[in-house]
């Protein structure tokens, strides 16, 4: 009976975690982190339910494993910014809707820095 409950709880965890989306980061706030509903430069904390594994002694010094519901802080990137990876703090990678051409580099949202000899919003000329 315990094994069945544990397997079902993991199924619930996977379903809940996959519904949070790509913007979820449980790391601390950093640069260019906004409220999930408002484009503001000030970080705003929002809590989301999450499941945490735990172990404890029970039943004549046996180790019991379980899962408990806790709440973690959720952060989202400001418009035009993304995280470098799920392990990075803040949102430090700008987003350009088009690829910066001819060796150009995306340095801010929708802003490319062009290699010498190239111009245009996306270094196309």
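In mature numbering (1 follows the signal peptide of the UniProt record, and there is no 0), the protein residues as written are -21 to -1, 1 to 104. Think of the CB as a built atom: it goes at the ideal place given N, C-alpha and C, for glycine as much as any other residue.
Three-state secondary structure assigned by DSSP to residue 98: By 1-based counting over the chain shown, the position of residue 98 is 119. Three-state DSSP puts residue 98 in coil, outside helix and strand.
DSSP bridge partner residues for residue 45 (one or two, in chain order): Taking the first residue of the chain shown as position 1, residue 45 is located at position 66. DSSP lists 33 as the beta-bridge partner residues of residue 45.
Among 66, 34, 84, 39, the one whose alpha carbon lies nearest that of residue 73: Residue 73 sits at position 94 when you count from the first residue of the chain shown. Of 66, 34, 84, 39, the residue nearest in Cα terms is 84.
Residue of 104, 48, 64 minimising C-alpha distance to residue 82: One-based indexing of the chain shown puts residue 82 at position 103. Comparing Cα positions, the closest option is 104.
Through-space distance from residue 48 to residue 30, alpha-carbon basis: Position 51 of the chain shown, counted from the start, is the residue given in the question as residue 30. Position 69 of the chain shown, counted from the start, is the residue given in the question as residue 48. So the alpha carbons of these two residues sit roughly 5 Å apart.
Test item: CB-CB of residue 53 and residue 12 under 8 Å: As a first step, residue 53 must be located in the chain shown, where it is residue number 74. As a first step, residue 12 must be located in the chain shown, where it is residue number 33. In this structure, residue 12 does not lie closer than 8 Å to residue 53 by Cβ.
Limits of the beta strand (DSSP E) - the one that residue 65 falls within: Start at 1 with the first residue of the chain shown, and residue 65 comes out as number 86. Where residue 65 is concerned, there is no enclosing beta strand (DSSP E), given that its DSSP letter is neither H nor E.
Cα-Cα separation, residue 79 to residue 101: The residue given as residue 79 occupies position 100 in the chain shown. The residue given as residue 101 occupies position 122 in the chain shown. Rounded to the nearest angstrom, the gap between the Cα atoms of residue 79 and residue 101 is 5 Å.
Assigned exposure category for residue 43 - 16 Cβ within 10 Å defines buried: Looking up residue 43 in the chain shown gives position 64. Exposed, since its Cβ has fewer than 16 Cβ neighbours within 10 Å.
Check whether residue 61 and residue 75 have beta carbons under 8 Å apart: Position 82 of the chain shown, counted from the start, is the residue given in the question as residue 61. Position 96 of the chain shown, counted from the start, is the residue given in the question as residue 75. When the beta-carbon positions are compared, residue 61 and residue 75 stay at least 8 Å from each other.
Contact under 8 Å by Cβ, residue 59 with residue 89: In the chain shown, counting from the first residue as 1, residue 59 sits at position 80. In the chain shown, counting from the first residue as 1, residue 89 sits at position 110. Going by C-beta atoms, residue 59 is nearer than 8 Å to residue 89.
Start-to-end residues for the beta strand (DSSP E) that takes in residue 104: For the purposes of this step, residue 104 is taken as residue 125 along the chain shown, with counting starting at 1. Bounds of any beta strand (DSSP E) do not take in residue 104, whose DSSP letter is neither H nor E.
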